[in-house]
Amino acid sequence: MSLDHIFRNARIAGREDETVDIGMSAGRFAAIGMGLDAGAPFEDLGGRLVMPGFIETHIHLDKSCLLGRCVCEKGTLDEAIGAVAAAKTGFTQEDVYARAERTLRKAILQGTQRMRTHVEVDPRIGLTSIHALQKLKQDYAWAIDLTLCVFPQEGLLDDPGCDDVMVAALEAGADVVGGAPYMDADSHGQIARVFELAQRFGVDVDFHLDFGLDPSHLDLLEVCRLAEKTGWSGRVAIGHVTKLSAVPRPQLIELARRLAGAGVAVTALPATDLFLIGREHDHNVPRGVALAHVLLEHSVTCSLSTNNVLNPFTPFGDCSLVRISNLYANVAQVGTPAGMAACFDMVSATSARLLNLKDYGIREGAPANMVVLDCATRAEAVSELAPPLFGLKAGRRTFTRPAVSLHLPALEPAAA
Ligand SMILES: [Zn+2]
């Protein structure tokens, strides 16, 4: 077989015990093994980690980069929703596009190649953000696969006219339907309506769910029930679920079994949850991060994601999923190499399961999508925040970040 290009001495994530050569042909992985065809041009990766691109399962491009436009002092969820609702009245398609593009470019430079972004729709913003992000999706398809999840951040049942805009967004081609049941008085009513829309349009479901620290009422039980009843198991994700951080371990394991059985996946969003949760405390502040690695050990499909970037929900953000996995490991007190590798998987391989991706992975025949990190193992990437050095999508290089080098005095020419 003739190969276009070979990366020698690669350590593929999940098979890090050995180094292999990765050969590509016509934008696909064509051969993986030792001593591939010496005739093709090659690069030596020096035993570095190669993975099939990071995956952002839950981010909000439309409301990223709003610092400076919003006044926030309390740092609570209600304040953030109110501040963004006010800012939203000034959104235009060009403005949404420009801010989303800035965030998307950062994500690409951090090695992210797949992304599910939530997009707010309501009777005031209409389809403005959807249209902006549909254009962005097309313009950046060379670097990243973007899918759009429409959701009613300010409520669905209690916001007259919002249902019509949700339907219009799905008719306009939105890929996934979402919800924020805590915004309506009848949370189960919103959950039921979102499942109706999912069935009508044949799309996956992704809720913002069970935010807060009081686990006496859990909407996730209703989501599990409807996932099973509608046959949507394996197509449903729930994000935040911070109430899971407030239940004792035996109950958490019981809930994990329920989620796994119903095929409901969980996304933890540590940057936002750490920032917003527990504001009523002035000391011993609860962490409020769902223990995704424990859920994962009990067969729940789990991911970690960025959620918000430079806005009142999270005034931080470099779009690095390596940093998010490190932040999670630190907060969740994960310290073993196997545990850190699992944190890496929650921004890559298990995230691919959550998004039901069919062509994710470094294997012969798959599209040549890959990112090279300046480290040897997944655990090292998480513990040492290893930077992504370059990435390819369908065999074409999408970004390059030169590895840093130290200028040791002995290597400098002697002064005259
Ligand atoms: Zn979110």
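Residue numbers (numbering that gives the first Met the number 0): 0 to 415.
Yeah, the Cβ is synthetic: ideal placement off N, Cα and C, and Gly gets one too.
In the structure shown, the three-state DSSP call for D163 is helix. The beta-bridge partner set that DSSP reports for S302 consists of T266.
Rounded to whole angstroms, the gap between the alpha carbons of V381 and D157 is 42 Å.
Per DSSP, reduced to three states, the secondary structure at R7 is strand. Distances from the alpha-carbon of A191 to those of T91, L220 and L294 put L220 closest. For ligand 1, a non-hydrogen atom lies closer than 8 Å to the CB of L268. When only Cα atoms are considered, G160 and I54 end up about 33 Å apart.
The beta carbon of C374 sits closer than 8 Å to the beta carbons of R47, L48, A380, E383 and A385 from its chain, once the five residues preceding and following it are set aside; these are given in chain order. Within 8 Å of the C-beta of T271 there is at least one heavy atom belonging to ligand 1. Distance from the CA atom of T127 to the CA atom of F194, rounded to whole angstroms, is 24 Å. Annotation for V175: no alpha helix (DSSP H) segment contains it, though the beta strand (DSSP E) segment containing it runs V175 to G178.
Just so you know, the alpha carbons of A409 and Q332 end up roughly 41 Å apart. In its chain, beyond the 5 residues on either side, S63, T102 and G316 have a beta carbon closer than 6 Å to the beta carbon of V308. Taking a cut-off of 8 Å for Cβ pairs, the region 64-84 and the region 29-38 do not touch, as fewer than three such pairs fall below it. Judged by DSSP in its simplified three-state form, C342 adopts helix. Straight across, the Cα-Cα distance linking R400 with G89 is about 36 Å. Inside the region 165-243, DSSP marks whole beta strand (DSSP E) runs of 3 or more residues at positions 175-178, 203-208 and 235-239, from first to last along the chain. Within the same chain, L2, I5, A29, A30 and L35 come within 6 Å of G22 by CB-CB distance, once the 5 residues on both sides are set aside. When only Cα atoms are considered, S24 and V321 end up about 29 Å apart. According to the DSSP assignment, I21 belongs to the beta strand (DSSP E) that extends over R14 to S24. L44 sits away from Y96, with the two beta carbons spaced by 9 Å or more. Within the chosen limit of 8 Å, ligand 1 does not reach the beta carbon of G154 with any heavy atom. One thing to note: C71 has its Cβ within 9 Å of the Cβ of P314.
With respect to L212, A245 sits close: the two C-beta atoms are nearer than 9 Å.
N307 has its Cβ nearer than 8 Å to a heavy atom of ligand 1.
In terms of side-chain proximity, the C-beta atom of G178 is found no nearer than 8 Å to any non-hydrogen atom of ligand 1. Closest by C-alpha distance to G394, out of L353, R286 and A365, is A365.
Not one heavy atom of ligand 1 sits closer than 8 Å to the Cβ of G81.
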